[in-house]
Amino acid sequence: MKARFGTDGLRGRAGELLTPELALALGRSAARILAVPGRPIYLGRDTRWSGTMLAAAFASGVAAEGIDVVDLGVVPTPLVAYMAATVGSPGAVVSASHNPYPDNGIKLFAAGGVKLRDDQEAAIEADMASGVAGYLADDRLGRLSAEPEALTRYLQSLVGALEGRDLSGAAVVLDAANGAAVATAREAFERAGARVVEVIGADPDGTNINSLCGSTDPAALAEAVSRNQATLGLAFDGDADRVVAVDDAAGVVDGDRLLALFATDLQARGRLIGGGVAVTVMSNLGLHAAMADAGIEVVTTQVGDRHILEALERRGWSLGGEQSGHIVFPGIATTGDGVLTGLLLVDLVMRAGRPLSTLAGACMRKYPQVMRNVEVARRDDLDGASEIWDEVAAVEAQLAGRGRVVLRASGTEQLVRVMVEADEAAEGDEAAQRLAAAVSRALGGP
(Lines of atoms letter the chains of each structure in order from A and count residues from 1; the text may use other names and numbers.)
(Lines give C-alpha, C1' and ligand atoms only; values in the text may rest on other atoms or scores of the structure.)
Protein backbone atom coordinates (compact mmCIF):
# COMPACT_ATOMS: atom_id res chain seq x y z
CA MET A 1 0.00 0.00 0.00
CA LYS A 2 1.39 3.39 -1.01
CA ALA A 3 1.48 6.35 1.35
CA ARG A 4 3.50 9.54 1.59
CA PHE A 5 4.32 11.54 4.67
CA GLY A 6 3.50 15.24 4.70
CA THR A 7 4.61 18.02 7.02
CA ASP A 8 3.51 16.05 10.08
CA GLY A 9 2.67 12.41 9.36
CA LEU A 10 -0.04 11.11 7.06
CA ARG A 11 -3.14 13.23 6.62
CA GLY A 12 -6.22 13.29 4.42
CA ARG A 13 -9.99 12.90 4.23
CA ALA A 14 -11.03 10.14 6.64
CA GLY A 15 -12.55 7.16 4.84
CA GLU A 16 -11.22 8.33 1.47
CA LEU A 17 -7.49 9.02 1.59
CA LEU A 18 -7.10 7.90 5.19
CA THR A 19 -8.81 4.52 5.42
CA PRO A 20 -8.79 1.78 8.06
CA GLU A 21 -6.77 -0.34 5.64
CA LEU A 22 -4.13 2.38 5.38
CA ALA A 23 -4.05 2.82 9.16
CA LEU A 24 -3.58 -0.93 9.67
CA ALA A 25 -0.78 -1.07 7.10
CA LEU A 26 0.88 1.95 8.71
CA GLY A 27 0.64 0.29 12.11
CA ARG A 28 2.40 -2.80 10.81
CA SER A 29 5.15 -0.83 9.08
CA ALA A 30 5.62 1.53 12.01
CA ALA A 31 6.02 -1.45 14.31
CA ARG A 32 8.59 -3.05 12.00
CA ILE A 33 10.64 0.13 11.59
CA LEU A 34 10.25 1.93 14.92
CA ALA A 35 9.55 -0.67 17.61
CA VAL A 36 11.92 -1.14 20.52
CA PRO A 37 12.04 -4.74 21.84
CA GLY A 38 10.11 -5.13 25.06
CA ARG A 39 8.52 -1.67 24.91
CA PRO A 40 5.02 -0.69 23.75
CA ILE A 41 3.90 1.91 21.27
CA TYR A 42 1.86 4.67 22.93
CA LEU A 43 -1.28 5.68 21.05
CA GLY A 44 -3.55 8.71 21.43
CA ARG A 45 -6.18 10.52 19.38
CA ASP A 46 -8.21 13.70 19.21
CA THR A 47 -12.00 14.00 19.27
CA ARG A 48 -12.91 13.39 15.61
CA TRP A 49 -15.54 10.78 14.83
CA SER A 50 -13.12 8.83 12.68
CA GLY A 51 -10.47 8.72 15.40
CA THR A 52 -11.76 5.60 17.14
CA MET A 53 -11.91 3.67 13.87
CA LEU A 54 -8.45 4.69 12.72
CA ALA A 55 -6.84 4.21 16.13
CA ALA A 56 -8.28 0.69 16.34
CA ALA A 57 -6.97 -0.15 12.87
CA PHE A 58 -3.52 1.25 13.62
CA ALA A 59 -3.35 -0.63 16.93
CA SER A 60 -4.34 -3.85 15.17
CA GLY A 61 -1.47 -3.42 12.74
CA VAL A 62 1.00 -2.88 15.56
CA ALA A 63 -0.31 -5.88 17.49
CA ALA A 64 -0.07 -8.04 14.36
CA GLU A 65 3.69 -7.44 14.48
CA GLY A 66 3.93 -8.66 18.07
CA ILE A 67 4.23 -5.21 19.66
CA ASP A 68 2.05 -4.09 22.58
CA VAL A 69 -0.02 -0.90 22.35
CA VAL A 70 -0.87 1.40 25.25
CA ASP A 71 -4.07 3.19 24.27
CA LEU A 72 -4.21 6.58 26.02
CA GLY A 73 -7.55 7.57 24.49
CA VAL A 74 -8.37 11.22 23.77
CA VAL A 75 -5.24 13.11 24.83
CA PRO A 76 -3.05 15.91 23.44
CA THR A 77 -0.25 14.96 21.09
CA PRO A 78 2.38 16.23 23.56
CA LEU A 79 1.08 13.83 26.22
CA VAL A 80 1.82 10.91 23.89
CA ALA A 81 5.28 12.34 23.18
CA TYR A 82 5.87 12.78 26.92
CA MET A 83 4.97 9.18 27.72
CA ALA A 84 7.08 7.90 24.83
CA ALA A 85 10.01 10.00 26.03
CA THR A 86 9.68 8.78 29.61
CA VAL A 87 10.16 5.12 28.74
CA GLY A 88 12.04 5.32 25.43
CA SER A 89 9.11 4.05 23.37
CA PRO A 90 7.67 5.09 20.01
CA GLY A 91 4.30 6.82 19.85
CA ALA A 92 1.46 7.58 17.47
CA VAL A 93 -1.39 10.09 17.45
CA VAL A 94 -4.52 9.93 15.32
CA SER A 95 -5.22 13.60 14.62
CA ALA A 96 -5.40 16.15 11.83
CA SER A 97 -4.38 18.96 14.17
CA HIS A 98 -5.98 22.25 13.03
CA ASN A 99 -7.79 20.74 10.02
CA PRO A 100 -11.62 20.48 9.93
CA TYR A 101 -13.26 17.33 11.26
CA PRO A 102 -13.70 15.39 7.97
CA ASP A 103 -9.90 15.14 7.79
CA ASN A 104 -7.77 12.96 9.99
CA GLY A 105 -4.15 11.93 10.19
CA ILE A 106 -1.59 9.79 11.97
CA LYS A 107 1.53 11.35 13.47
CA LEU A 108 4.41 9.15 14.55
CA PHE A 109 7.14 9.53 17.13
CA ALA A 110 10.33 7.50 17.18
CA ALA A 111 11.65 5.97 20.39
CA GLY A 112 11.97 8.67 23.01
CA GLY A 113 9.05 10.75 21.73
CA VAL A 114 10.94 12.54 18.94
CA LYS A 115 9.62 13.35 15.46
CA LEU A 116 10.72 11.01 12.69
CA ARG A 117 13.77 11.75 10.59
CA ASP A 118 13.44 11.77 6.80
CA ASP A 119 15.12 8.37 6.52
CA GLN A 120 12.68 6.84 9.00
CA GLU A 121 9.72 8.21 7.06
CA ALA A 122 11.21 6.85 3.83
CA ALA A 123 11.74 3.43 5.39
CA ILE A 124 8.11 3.26 6.53
CA GLU A 125 6.85 4.38 3.11
CA ALA A 126 8.99 1.70 1.42
CA ASP A 127 7.83 -0.96 3.85
CA MET A 128 4.17 -0.09 3.23
CA ALA A 129 4.72 -0.15 -0.53
CA SER A 130 6.35 -3.59 -0.35
CA GLY A 131 3.10 -5.21 0.75
CA VAL A 132 4.96 -7.66 2.98
CA ALA A 133 2.56 -9.10 5.55
CA GLY A 134 2.87 -12.47 7.25
CA TYR A 135 1.18 -13.47 10.49
CA LEU A 136 2.46 -14.41 13.92
CA ALA A 137 1.22 -17.21 16.12
CA ASP A 138 -1.46 -16.15 18.58
CA ASP A 139 0.84 -16.24 21.58
CA ARG A 140 3.24 -13.80 19.91
CA LEU A 141 0.70 -11.10 19.05
CA GLY A 142 0.86 -7.74 20.78
CA ARG A 143 -1.68 -6.77 23.40
CA LEU A 144 -3.72 -3.62 23.95
CA SER A 145 -3.76 -1.98 27.38
CA ALA A 146 -4.48 1.35 29.07
CA GLU A 147 -2.38 3.51 31.38
CA PRO A 148 -4.74 5.63 33.51
CA GLU A 149 -1.92 7.32 35.44
CA ALA A 150 -0.45 8.83 32.25
CA LEU A 151 -2.63 11.94 32.49
CA THR A 152 -1.57 12.64 36.08
CA ARG A 153 2.09 12.18 35.24
CA TYR A 154 1.83 14.54 32.29
CA LEU A 155 0.02 17.21 34.31
CA GLN A 156 2.68 17.00 37.01
CA SER A 157 5.37 17.53 34.37
CA LEU A 158 3.58 20.63 33.05
CA VAL A 159 3.33 22.24 36.47
CA GLY A 160 6.92 21.19 37.19
CA ALA A 161 8.09 23.30 34.24
CA LEU A 162 7.19 26.39 36.31
CA GLU A 163 9.96 25.47 38.75
CA GLY A 164 7.88 26.09 41.86
CA ARG A 165 6.31 29.38 40.78
CA ASP A 166 2.52 29.50 40.85
CA LEU A 167 0.13 31.50 38.71
CA SER A 168 -2.13 32.84 41.46
CA GLY A 169 -3.52 36.22 40.51
CA ALA A 170 -3.94 35.29 36.85
CA ALA A 171 -7.45 35.01 35.42
CA VAL A 172 -7.41 33.06 32.17
CA VAL A 173 -9.90 32.02 29.51
CA LEU A 174 -9.17 28.81 27.61
CA ASP A 175 -10.38 27.67 24.19
CA ALA A 176 -9.97 23.91 23.88
CA ALA A 177 -11.01 23.88 20.17
CA ASN A 178 -13.46 21.06 20.96
CA GLY A 179 -10.36 18.91 20.74
CA ALA A 180 -7.85 17.06 22.85
CA ALA A 181 -7.15 20.01 25.16
CA VAL A 182 -10.45 19.26 26.91
CA ALA A 183 -8.57 16.44 28.67
CA THR A 184 -5.83 18.60 30.20
CA ALA A 185 -6.01 22.38 29.83
CA ARG A 186 -8.30 23.43 32.67
CA GLU A 187 -6.74 21.06 35.18
CA ALA A 188 -3.20 22.08 34.24
CA PHE A 189 -3.89 25.77 34.84
CA GLU A 190 -5.82 25.17 38.03
CA ARG A 191 -3.03 22.96 39.38
CA ALA A 192 -0.63 25.80 38.61
CA GLY A 193 -2.73 28.23 40.68
CA ALA A 194 -4.40 30.23 37.92
CA ARG A 195 -8.09 31.08 38.06
CA VAL A 196 -9.78 29.65 34.96
CA VAL A 197 -12.73 31.99 34.51
CA GLU A 198 -14.18 30.31 31.42
CA VAL A 199 -13.47 27.47 29.02
CA ILE A 200 -14.96 27.61 25.54
CA GLY A 201 -14.68 25.00 22.80
CA ALA A 202 -15.03 22.34 25.48
CA ASP A 203 -18.01 20.35 24.22
CA PRO A 204 -16.69 18.04 21.48
CA ASP A 205 -19.27 16.06 19.52
CA GLY A 206 -16.97 14.47 16.94
CA THR A 207 -17.74 17.04 14.26
CA ASN A 208 -17.07 20.43 15.85
CA ILE A 209 -13.31 20.23 16.38
CA ASN A 210 -11.70 23.55 15.30
CA SER A 211 -15.13 24.84 14.21
CA LEU A 212 -15.46 28.58 15.00
CA CYS A 213 -12.97 28.09 17.80
CA GLY A 214 -9.37 27.21 18.53
CA SER A 215 -6.09 28.68 17.38
CA THR A 216 -7.23 29.20 13.79
CA ASP A 217 -10.34 31.17 14.81
CA PRO A 218 -9.78 33.08 18.08
CA ALA A 219 -12.69 35.53 17.67
CA ALA A 220 -14.87 33.83 20.30
CA LEU A 221 -11.92 33.72 22.68
CA ALA A 222 -11.29 37.45 22.23
CA GLU A 223 -14.92 38.16 23.11
CA ALA A 224 -14.71 35.93 26.19
CA VAL A 225 -11.50 37.61 27.39
CA SER A 226 -13.16 41.04 27.10
CA ARG A 227 -16.36 39.89 28.79
CA ASN A 228 -14.48 38.34 31.71
CA GLN A 229 -11.85 41.11 31.93
CA ALA A 230 -9.31 38.29 32.00
CA THR A 231 -5.54 38.52 32.22
CA LEU A 232 -5.35 36.75 28.87
CA GLY A 233 -6.83 33.93 26.82
CA LEU A 234 -5.28 30.87 25.18
CA ALA A 235 -6.61 29.07 22.11
CA PHE A 236 -5.31 25.58 21.32
CA ASP A 237 -5.63 23.57 18.14
CA GLY A 238 -7.30 20.17 17.79
CA ASP A 239 -4.45 18.14 19.26
CA ALA A 240 -3.16 20.89 21.59
CA ASP A 241 0.39 21.07 20.28
CA ARG A 242 0.07 24.75 19.37
CA VAL A 243 -1.43 27.84 20.98
CA VAL A 244 -2.36 31.39 20.07
CA ALA A 245 -2.94 33.95 22.83
CA VAL A 246 -5.42 36.79 23.20
CA ASP A 247 -4.21 39.69 25.33
CA ASP A 248 -6.13 41.74 27.89
CA ALA A 249 -7.18 44.19 25.15
CA ALA A 250 -8.57 41.33 23.00
CA GLY A 251 -5.65 41.50 20.57
CA VAL A 252 -4.38 38.26 19.04
CA VAL A 253 -0.80 37.33 19.93
CA ASP A 254 0.52 34.84 17.38
CA GLY A 255 3.51 32.53 17.50
CA ASP A 256 5.93 35.18 16.23
CA ARG A 257 5.15 37.51 19.12
CA LEU A 258 5.17 34.63 21.59
CA LEU A 259 8.61 33.64 20.36
CA ALA A 260 9.88 37.22 20.66
CA LEU A 261 8.57 37.42 24.22
CA PHE A 262 10.08 34.11 25.29
CA ALA A 263 13.41 34.83 23.57
CA THR A 264 13.95 38.19 25.22
CA ASP A 265 12.75 36.91 28.61
CA LEU A 266 15.11 33.93 28.51
CA GLN A 267 17.94 36.16 27.33
CA ALA A 268 17.38 38.59 30.21
CA ARG A 269 17.53 35.69 32.67
CA GLY A 270 20.63 34.18 31.08
CA ARG A 271 18.72 31.11 29.97
CA LEU A 272 18.62 31.46 26.18
CA ILE A 273 21.08 28.65 25.54
CA GLY A 274 23.28 29.37 22.52
CA GLY A 275 21.90 32.88 22.17
CA GLY A 276 19.67 32.04 19.22
CA VAL A 277 16.21 30.95 18.11
CA ALA A 278 14.94 28.80 15.24
CA VAL A 279 12.01 30.03 13.13
CA THR A 280 10.42 29.02 9.82
CA VAL A 281 10.15 30.72 6.45
CA MET A 282 6.65 31.90 7.42
CA SER A 283 7.88 33.98 10.36
CA ASN A 284 7.35 37.72 10.01
CA LEU A 285 10.29 39.92 9.04
CA GLY A 286 9.47 41.97 12.11
CA LEU A 287 10.53 39.03 14.28
CA HIS A 288 13.89 38.89 12.52
CA ALA A 289 14.34 42.64 13.06
CA ALA A 290 13.42 42.39 16.76
CA MET A 291 15.83 39.52 17.32
CA ALA A 292 18.62 41.40 15.54
CA ASP A 293 18.00 44.44 17.75
CA ALA A 294 18.25 42.19 20.82
CA GLY A 295 21.46 40.53 19.60
CA ILE A 296 19.73 37.17 19.23
CA GLU A 297 20.78 34.98 16.31
CA VAL A 298 18.04 33.54 14.08
CA VAL A 299 18.14 30.41 11.93
CA THR A 300 15.32 29.80 9.43
CA THR A 301 13.94 26.35 8.56
CA GLN A 302 11.19 24.80 6.50
CA VAL A 303 7.67 24.82 7.94
CA GLY A 304 7.03 22.22 10.65
CA ASP A 305 8.08 21.88 14.26
CA ARG A 306 10.13 18.83 13.26
CA HIS A 307 12.47 21.08 11.28
CA ILE A 308 12.61 23.57 14.14
CA LEU A 309 13.58 20.81 16.57
CA GLU A 310 16.24 19.45 14.21
CA ALA A 311 17.80 22.92 13.89
CA LEU A 312 17.79 23.40 17.65
CA GLU A 313 19.33 19.99 18.25
CA ARG A 314 22.15 20.66 15.77
CA ARG A 315 23.03 23.91 17.51
CA GLY A 316 22.24 23.00 21.10
CA TRP A 317 19.76 25.90 21.34
CA SER A 318 16.81 26.10 23.71
CA LEU A 319 13.97 27.88 21.85
CA GLY A 320 12.22 27.86 18.50
CA GLY A 321 8.78 28.24 17.03
CA GLU A 322 6.35 28.94 14.25
CA GLN A 323 3.97 31.80 13.57
CA SER A 324 1.13 29.27 13.80
CA GLY A 325 1.77 28.82 17.51
CA HIS A 326 4.07 25.81 17.69
CA ILE A 327 6.62 26.89 20.30
CA VAL A 328 9.27 24.35 21.27
CA PHE A 329 11.39 24.24 24.39
CA PRO A 330 13.66 21.22 23.80
CA GLY A 331 15.01 21.36 27.33
CA ILE A 332 11.49 20.70 28.62
CA ALA A 333 9.61 18.74 25.93
CA THR A 334 10.36 16.77 22.78
CA THR A 335 7.67 18.49 20.70
CA GLY A 336 5.51 21.61 20.59
CA ASP A 337 3.05 21.74 23.50
CA GLY A 338 0.28 24.34 23.54
CA VAL A 339 -0.64 23.92 27.20
CA LEU A 340 3.00 24.08 28.31
CA THR A 341 3.53 27.21 26.22
CA GLY A 342 0.41 28.77 27.71
CA LEU A 343 1.55 28.09 31.27
CA LEU A 344 4.96 29.59 30.56
CA LEU A 345 3.35 32.64 28.95
CA VAL A 346 1.13 33.32 31.96
CA ASP A 347 4.20 32.90 34.18
CA LEU A 348 6.11 35.42 32.03
CA VAL A 349 3.28 37.97 32.25
CA MET A 350 2.94 37.58 36.02
CA ARG A 351 6.70 37.97 36.54
CA ALA A 352 6.80 41.03 34.29
CA GLY A 353 4.00 42.71 36.23
CA ARG A 354 2.67 44.27 33.02
CA PRO A 355 -0.30 43.32 30.84
CA LEU A 356 0.27 41.09 27.84
CA SER A 357 -1.01 43.82 25.51
CA THR A 358 1.87 46.07 26.62
CA LEU A 359 4.47 43.31 26.42
CA ALA A 360 3.32 42.01 23.03
CA GLY A 361 3.09 45.48 21.53
CA ALA A 362 6.64 46.34 22.56
CA CYS A 363 8.38 43.08 21.64
CA MET A 364 8.28 43.51 17.83
CA ARG A 365 6.76 45.51 14.99
CA LYS A 366 4.99 43.25 12.54
CA TYR A 367 5.39 43.90 8.85
CA PRO A 368 2.01 43.82 7.07
CA GLN A 369 1.59 40.21 6.00
CA VAL A 370 -1.04 38.87 3.62
CA MET A 371 -1.87 35.17 3.44
CA ARG A 372 -3.86 33.36 0.76
CA ASN A 373 -4.68 29.65 0.83
CA VAL A 374 -5.34 28.57 -2.76
CA GLU A 375 -7.20 25.30 -3.29
CA VAL A 376 -5.57 23.38 -6.14
CA ALA A 377 -5.89 20.06 -7.90
CA ARG A 378 -2.14 19.42 -8.31
CA ARG A 379 -0.21 20.84 -5.34
CA ASP A 380 2.79 18.56 -6.06
CA ASP A 381 3.36 20.33 -9.40
CA LEU A 382 4.18 23.66 -7.75
CA ASP A 383 7.97 23.45 -8.05
CA GLY A 384 7.84 22.83 -11.80
CA ALA A 385 5.20 25.44 -12.65
CA SER A 386 7.39 28.05 -14.37
CA GLU A 387 4.52 30.48 -14.96
CA ILE A 388 4.01 30.74 -11.19
CA TRP A 389 7.67 31.41 -10.51
CA ASP A 390 7.81 33.98 -13.30
CA GLU A 391 5.00 35.81 -11.51
CA VAL A 392 6.87 35.50 -8.21
CA ALA A 393 9.95 37.07 -9.81
CA ALA A 394 7.85 39.94 -11.14
CA VAL A 395 6.30 40.59 -7.72
CA GLU A 396 9.69 40.46 -6.00
CA ALA A 397 11.05 42.97 -8.51
CA GLN A 398 8.10 45.25 -7.79
CA LEU A 399 8.70 45.00 -4.02
CA ALA A 400 12.37 45.90 -4.64
CA GLY A 401 13.65 44.75 -1.27
CA ARG A 402 10.70 46.25 0.65
CA GLY A 403 9.14 42.86 1.34
CA ARG A 404 9.24 39.20 0.43
CA VAL A 405 7.21 36.34 -1.02
CA VAL A 406 6.84 32.75 0.20
CA LEU A 407 4.96 30.10 -1.77
CA ARG A 408 4.71 26.53 -0.53
CA ALA A 409 2.50 23.51 -1.03
CA SER A 410 0.68 22.54 2.14
CA GLY A 411 1.91 19.31 3.63
CA THR A 412 -1.53 18.50 5.04
CA GLU A 413 -4.17 19.84 2.62
CA GLN A 414 -4.72 20.29 -1.14
CA LEU A 415 -3.58 23.89 -0.91
CA VAL A 416 -0.79 26.18 -1.98
CA ARG A 417 -0.08 28.81 0.65
CA VAL A 418 0.82 32.27 -0.62
CA MET A 419 2.41 34.74 1.80
CA VAL A 420 3.46 38.29 0.94
CA GLU A 421 5.05 40.82 3.29
CA ALA A 422 5.35 44.44 2.24
CA ASP A 423 5.83 47.89 3.75
CA GLU A 424 2.30 48.80 2.74
CA ALA A 425 -0.63 46.46 3.36
CA ALA A 426 -2.37 47.45 0.12
CA GLU A 427 0.70 46.59 -1.94
CA GLY A 428 0.99 43.23 -0.21
CA ASP A 429 -2.68 42.48 -0.79
CA GLU A 430 -2.44 43.28 -4.49
CA ALA A 431 0.66 41.10 -4.86
CA ALA A 432 -0.95 38.20 -3.01
CA GLN A 433 -4.01 38.39 -5.27
CA ARG A 434 -1.79 38.28 -8.36
CA LEU A 435 0.12 35.27 -7.09
CA ALA A 436 -3.02 33.42 -5.96
CA ALA A 437 -4.53 33.87 -9.42
CA ALA A 438 -1.34 32.56 -11.05
CA VAL A 439 -1.33 29.50 -8.79
CA SER A 440 -4.98 28.76 -9.52
CA ARG A 441 -4.45 29.06 -13.29
CA ALA A 442 -1.38 26.84 -13.31
CA LEU A 443 -2.41 24.12 -10.86
CA GLY A 444 -6.16 23.97 -11.37
CA GLY A 445 -9.02 24.45 -8.97
CA PRO A 446 -10.27 21.85 -6.51
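Read left to right, the sequence shown gives residues 218 to 663 (the working numbering).
Don't be surprised by glycine CBs; every beta carbon is placed ideally from N, CA and C.
(request) Return the chain-ordered list of same chain residues with a C-beta closer than 8 Å to the C-beta of leucine 384, the five sequence neighbours on each side being excluded. (result) Phe406, Ala409, Gly410, Ala411, Leu560, Val563, Asp564, Met567
(message) Here's a check: name, in chain order, each residue in its chain whose Cβ is nearer than 8 Å to the Cβ of methionine 300, leaving out the five neighbours to either side.
(response) Tyr259, Val287, Leu289, Ser306, Gly308, Gly330, Glu364, Ala367, Arg370, Tyr371
(request) Go through its chain and collect everything with a Cβ distance to serine 541's Cβ below 7 Å, but skip five positions before and after it. (result) Arg459, Gly472
(message) Among Thr518, Val389, Asp482, whose alpha-carbon lies nearest the alpha-carbon of aspartate 464?
(response) Val389
(request) Would you mind sorting serine 347 into buried or exposed? The rule is 16 or more other CB atoms within 10 Å of its CB. (result) exposed
(request) State buried or exposed for glutamate 539, treating a residue as buried only when at least 16 other CB atoms are found within 10 Å of its CB. (result) buried
(message) What ranges does the beta strand (DSSP E) occupy inside the segment 232-293, keeping only unbroken runs of at least 3 residues that lie completely in it?
(response) 258-262, 286-291
(request) Check whether the segment 313-327 touches the segment 220-235, taking contact to mean three or more Cβ pairs, one atom from each stretch, closer than 8 Å. (result) yes
(message) Let me confirm a value: alanine 220 is counted as buried when at least 16 other C-beta atoms fall within 10 Å, else exposed. Which label applies?
(response) buried
(request) Give every residue of the same chain whose Cβ lies closer than 6 Å to the Cβ of serine 443, excluding the five residues on either side of it in the sequence, and list them in chain order. (result) Ala467
(request) Verify whether the separation of the beta carbon atoms of isoleucine 525 and threonine 558 is less than 8 Å. (result) no
(request) Give the straight-line distance between the Cα atoms of aspartate 420 and leucine 375, rounded to the nearest whole angstrom. (result) 23 Å
(message) Please give the ranges of any beta strand (DSSP E) in the segment 460-495, keeping only runs that are unbroken, at least 3 residues long and fully inside the region.
(response) 460-463
(message) If I measure Cβ to Cβ from valine 516 and keep anything under 6 Å in the same chain, skipping five residues before and after, which residues do I get?
(response) Ala495, Ala528
(message) Is the separation between the beta-carbon of aspartate 175 and that of arginine 360 shorter than 8 Å?
(response) The structure shown does not extend to residue 175, since the chain is modelled only from 218 to 663, so the question has no answer here.
(message) Between which two residues does the beta strand (DSSP E) holding leucine 624 run?
(response) 620-626
(request) Taking 8 Å as the cut-off, decide whether the C-beta atoms of valine 545 and glycine 553 are in contact. (result) yes
(message) Given a cut-off of 8 Å on the beta-carbon distance, is the pair aspartate 335 and isoleucine 250 in contact?
(response) no
(request) Using alpha carbons as the reference points, say which of Ala247, Val310, Ala447 lies closest to arginine 265. (result) Val310
(message) Judging by CA-CA distance, which residue of Cys430, Leu478, Asn395, Glu415 is the nearest neighbour of threonine 448?
(response) Glu415
(message) If you follow the alpha helix (DSSP H) that arginine 651 is in, where does it begin and where does it stop?
(response) 642-660
(request) Take the Cβ of asparagine 427 as the centre, count every other Cβ of all protein chains shown within 10 Å, and call the residue buried at 16 or more, exposed below. (result) buried
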